[in-house]
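Trainee: Structure in structure tokens, see below.
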Amino acid sequence: MGKLNTVADNINFSEEENKTLEHWKATKTFEQSLKLSEGRPRYTFYDGPPFATGLPHYGHILAGTIKDTVTRWAHQNGYYVERRFGWDTHGLPVEFEVDKTIGIKGPEDVLKMGIGNYNAQCRSIVMRYSEEWKNTIQRVGRWIDFENDYKTLYPWFMESVWWVFSELVKKNLVYRGVKVMPFSTGCSTPLSNFEAGQNYKDVVDPACFIGFQQKDNKNRYFVAWTTTPWTLPSNLALCVHPELDYAIVEDKATGKELIMLECRLSELFKKPDMYNVIEKVKGITFKDMEYEPLFPYFAHLKKSIPVFKVLTGTFVTTDQGTGVVHQAPYFGEIDYATCLEHKVITKEMKIVCPVDQEGKFTDEVTDFKGMYVKDADKVIMKHLKDRGNLLKQEQCKHSYPFCWRSDTPLLYKAVPSWFIKVETLIPQLLKNNDETYWVPSFVKEKRFANWLRDARDWAVSRNRFWGTPINLWVSDDFEEIVCPSSIAELEELTGAKITDIHRESVDHLTIPSKQGKGTLKRVSEVFDCWFESGSMPYAQQHYPFENKDIFDTIFPADFIAEGIDQTRGWFYTLLVLATALFDKPPFKNLICNGLILASDGNKMSKSKKNYPDPLTVIEKYGADALRLYLINSPVVRGENLRFREEGVKEVLKDVFLPWYNAYRFFVQKTQLFEHDTKEDFKFIDTVENVMDKWILSFTNSLVGFVRKEMSEYHLYAVVSPLAKYFDTLTNTYIRLNRKRFQGDDKNDRLEALSTLGKVICIIVKLMAPFTPFFSDFLWKNLKNVLDAPEDSVHFTMIPEPDTGLICESVERRVFAMRSVVDLVRVLRERKAIPVKYPLKEVIVINRCEQFLEDLKSLESYVLVECNVKSLIVSQDKEKYGVTLKAEPNFKLLGAKLRGDQKKVVQYLKEASDDVLSKFLEDGEITIFGHVLTTEEVAIKYTFDETKSNNDEKYETHSDSQTVVILNTEADESLVEEGLAREVVNRIQKLRKEAKLVSTESAKVYCKVADTESQLYHVVKKHKETIENATSTPMVIVEDIFPEDLVIRAKNSSQVKGVSIDVALV
């Protein structure tokens, strides 16, 4: 008899998850869910592709959990949700690993071994950790399609990337130019601005003051300051601020005349008496003055362009340096723009950039050729010192960008590149960004919008080998350009059969010129891998070559999620390309998570071993506990989380154990009901008991709240109340109704069971997207009592709130009761009086009559929960010495009150109860012209013992609304009742230890060592009460336990200093 399987007393959550995972795999549960949802409206989700050259970490698990929760929620709300996993397989991370493995030092080494051989090496490692990724993702409970994945190396994916670029070419959004860009010498390639911002470090660099000799006055020098001495050989100009005050001074020690900002003289001279001021002038005075070049390498340029002159620019600042800025236009963005504006350089001229891809000086710089530029700093400074141009040398600590992959310092240098015109798209980018919904919103409105406003043209070319080749075939003079948009078009243009479009397959192909320029050859660069990931909405569908009809219905995506660092990465490239192609945002909704740090607040580091391995944590506590810990933290609001393993353990203790205990209690009590009545349990809809009405209302209100917040993607708002629900269920509903579940009133018993079963089933469905393993584990048993056809909870729909069961008044009443119970519990803990011991009375004072009426309506429950004999409620606070107290919120009021803060606070401190009571009624108060609200000033009850008639037997505690006064004096009968409860508690623990279910009979033997003690007399006097409470007959032993007893469980302890032995047989 009975549909429910017996539930074990204990559970290993991680082990059960592994069993569930194996069941999912064996029955293809995820695939079934997709099949069952075919034909429903589509909900589109894009998965940002990770690299498989490294192992997944907590950041991936967090983002994956958010994605999984939201897509499961959408599926269980009636949508078809395709979830395809993506892999980023090209670019620097792969090449860097290969270079380390086979000893590649630079591009020449690759060309020697052959691009085909090199790319074969790259191809061989791109999926190195794919199995580990797959296993970790599945173990975390994430449902995603690995079979129908996309990889950026698939020719069909690459072909769509070609189409995207060809569309930009057609729209005249692509150009070739020279741009000063962050350049990685470790990887021999330029980086985009958002890549350059990923790895800043504090470094110490040389800072030197350099004298540039004025041409017409050999004893006069312009003093420039720089932290990059290696750029000095490429100096072409100096720049001063036209409107600032400059001083010409004589250095008393050397006799040299020096020119620099007057306000910065102290940077060069320790004391004013070290120099004489010759003249003070505005910077404009020096405009077009000539100076001698520091080095001869580019002196010949003077014959053709106006180099080695002083320029003016308002970008020159007074907070650093000397006010004379050395200009090496091909090693600084501002330098380049300034020199271009003053015609020192032209866009057409050969660039002055004597540094190669490895960061070494070229042959043009004869004195330092072949030296790595950072190593050359000291040599250059010595050279200038020997010639008298180095005036002062020191060190400067500052933040400097490093390559995110090779961890080498970036250089800013001019690179010929292919660019997308992003700057012209800024108005559309901002408009499309406004059409998207972000959680949290401040990331969209501030961080991302600011990034968009300052967006620069995007250099999409990379001087690398393993990537999607840029699909441009050009003439030698770059005047004829052909951009094939597909493999078929390239086949037609070249006459070749093409199966792959990596460099080794297309570099040798040529296209005949239509302008008599011979043959067109492919440019050597490949695409920035961010261009590929930004193209994934189109490329994963092989759009526009396939799935055109589907794509038109599912773009833009309903949802994406990644870390906050992607504001300058994937979020940005998605928006740029979608705007350029369709003038649409690429997604509708986005959750942006913060970063996960080690428990000490530092970045998680494998080398420092400052965090626990994710799989170890999962095997200890289970994936559901880790999931809930992560998505119930500030990290889901875009803030950072300090990861604590103890936090995961606490989730297990505070959420999953109470949840399991509630489920087990329901199953056991249902089986007991079926045993006692010889009937199968069936749910009934009758609801008479106020606590049944409350838990049904409370649960359905929670369902409504969760549905509303999830519709707004507020994971951070829903997880906390869901997690706290189980404490409410076990410690309020079940505890207050425990007797009803095994009482003599069959109908009341059935109502209680039906109510508990219903709310557990509702919450299992509601929790399924958040805790997929445990929810399905419970469902396997619960579906039997529901007669539900669905084999998995993930095939069911998220419940709708039953508004007919929601009753605000009953929830309000129970809230009042629980707030008082919590206050009494604190008082008991303070006085070390266990709840087992009854007390005489509790007095509750609250200014709200409704609150007191609500409390009285549940008086019987208050008395049981607080274990007191009487409840007194009152609004007469003066009678009990209770007063009102104002507590200003200084954080809110600080800016508002300014200078009046002190006197306003003093007024509130001295305000009478009448004034504060009126403030509470009106909701606002005006003090010295400032209107304050109850949000800015909280009014709380306080207890003043000097005004009270109470004596020492009373203890008080309060929250913002209520004061509780507890009579802690115990008389003889109350003490006896408490002692009897001590014995009951020990017998119940023995039954649990012996793993007896409610239907199993047993007998207990009890011996109290001191037969003269009060405890002994209580055991004899209250024997029948103890037996009824435990459903266990009791034998009181005077001497020793009989030898022939077969003891199932035994306990020896002390109660109030008296020894007691209890044995269950």
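Under the UniProt record's numbering, the residue at position 242 of the sequence shown is numbered 242, and the numbers go up by one with no gaps.
Cβ atoms here follow ideal geometry from the backbone N, Cα and C, with glycine treated the same way.
1) Are at least three pairs of beta-carbons, each pair with one atom in the stretch 332 to 341 and one in the stretch 385 to 403, less than 8 Å apart?
2) Jot down the residue ranges of each uninterrupted alpha helix (DSSP H) in the stretch 576 to 656, minimum 4 residues, whole runs only, in chain order.
3) Could you give the residue range of the beta strand (DSSP E) that holds Trp24?
4) Which residue wins for smallest C-alpha separation from residue 1074, given the options Asn867, Val873, Glu1012?
5) Would you report the Cα separation of Tyr150 and Cys353, rounded to the nearest angstrom?
6) When the Cβ atoms of the stretch 42 to 61 are set against those of the stretch 547 to 567, are three or more pairs found closer than 8 Å?
7) Counting C-beta neighbours from all protein chains within 10 Å, is the total for Phe157 16 or more, i.e. buried, or is it exposed?
8) For the stretch 460 to 547, which segments carrying the alpha helix (DSSP H) assignment without a break, of at least 4 residues, lie completely within its bounds, in sequence order?
9) Could you have a look at Arg405 and say whether DSSP puts it in helix, strand or coil?
10) Keeping to the same chain, check which residues put their C-beta closer than 6 Å to that of Ser792; ignore five residues upstream and five downstream.
11) Is Gly255 helix, strand or coil when you go by DSSP?
12) I'd like to know if the stretch 475 to 494 and the stretch 517 to 524 are in contact, where contact means that at least 3 CB-CB pairs between them fall below 8 Å.
13) On the DSSP bridge assignment, give the partners of Ser809 in chain order.
14) Could you tell me whether the Cβ atoms of Ile596 and Tyr58 are closer together than 8 Å?
15) Please state whether DSSP places Pro182 in a helix, a strand or coil.
16) Take the Cβ of Asn117 as the centre, count every other Cβ of all protein chains shown within 10 Å, and call the residue buried at 16 or more, exposed below.
17) What's the gap between the Cα of Leu908 and the Cα of Val1058?
18) With distance defined between alpha-carbon atoms, name the residue in Leu750, Glu97, Leu778 nearest to Arg123.
19) Can you name the residues that DSSP bridges to Ile278?
20) What separation, rounded to the nearest whole angstrom, lies between the Cα atoms of Pro838 and Val764?
21) If you draw a straight line from the C-alpha of Cys848 to the C-alpha of Ser14, how long is it?
22) Assuming contact is defined by CB atoms lying nearer than 8 Å, are Thr719 and Asn632 in contact in what I supplied?
23) Under 8 Å, with one C-beta from each stretch per pair, do the stretch 29 to 38 and the stretch 793 to 802 reach the 3-pair mark?
24) Which of the three DSSP states is assigned to Trp225 in this structure?
25) Identify whether residue 1087 lies in helix, strand or coil by the three-state DSSP scheme.
26) Are the stretch 228 to 243 and the stretch 315 to 332 touching by the rule of at least three beta carbon pairs closer than 8 Å?
27) Tell me the DSSP secondary structure of Met710 in three-state form.
28) Return the chain-ordered list of same chain residues with a C-beta closer than 7 Å to the C-beta of Glu982, the five sequence neighbours on each side being excluded.
29) Going by the DSSP bridge assignment, what does Tyr175 pair with across the sheet?
30) Quick one, are the C-beta atoms of Ser870 and Lys840 less than 8 Å apart?
31) Considering only C-alpha positions, which residue in the set Ile511, Cys208, Lys891, Tyr663 is nearest to Leu268?
32) Around the Cβ of Pro586, are there at least 16 other Cβ atoms within 10 angstroms (buried) or fewer (exposed)?
33) Provide the residue span of the alpha helix (DSSP H) that contains Gly116, from first to last.
34) Would you call Leu920 buried or exposed, if buried means 16 or more other Cβ atoms sit within 10 Å of its Cβ?
35) Please determine if the stretch 693 to 703 and the stretch 804 to 812 are in contact, where contact requires at least 3 C-beta pairs separated by less than 8 Å.
36) If contacts are defined as beta-carbon pairs under 8 Å, then Leu258 and Tyr221 qualify, I think. What distance do you get, rounded to the angstrom?
Mentor: Taking the definition as stated:
1) No: fewer than three Cβ pairs fall under 8 Å.
2) 614 to 621, 623 to 631, 645 to 651
3) Trp24 -> not in any beta strand (DSSP E); alpha helix (DSSP H) instead, spanning 13 to 27.
4) Since the first residue shown for the chain is 1 and the last is 1065, residue 1074 is missing from the structure and cannot be characterised.
5) Their backbone Cα atoms lie some 40 Å apart in a straight line.
6) With three or more CB-CB distances shorter than 8 Å, the stretch 42 to 61 counts as touching the stretch 547 to 567.
7) buried
8) As far as the stretch 460 to 547 is concerned, its whole alpha helix (DSSP H) runs of at least 4 residues are 487 to 494, 503 to 506, 529 to 534, 536 to 539.
9) coil
10) Thr29, Asp776
11) coil
12) yes
13) In the DSSP output, where bridge partners are listed per residue, Ser809 has none listed.
14) yes
15) Assigned with DSSP and collapsed to three states, Pro182 falls in strand.
16) exposed
17) One C-alpha to the other measures close to 54 Å.
18) Glu97
19) Ile278 is not bridged to any residue.
20) Rounded to whole angstroms, Pro838 to Val764 spans 37 Å at the Cα level.
21) 48 Å
22) Reading off the sequence, residue 719 comes out as Val, not Thr. Yes, Cβ-Cβ distance for Val719 and Asn632 is below 8 Å.
23) yes
24) strand
25) The first residue shown for the chain is 1 and the last is 1065, placing residue 1087 beyond what the model contains.
26) yes
27) helix
28) Lys836, Val1055
29) Phe419
30) yes
31) Cys208
32) buried
33) 115 to 125
34) Classification of Leu920: exposed, given that the 10 Å Cβ count is below 16.
35) yes
36) 6 Å
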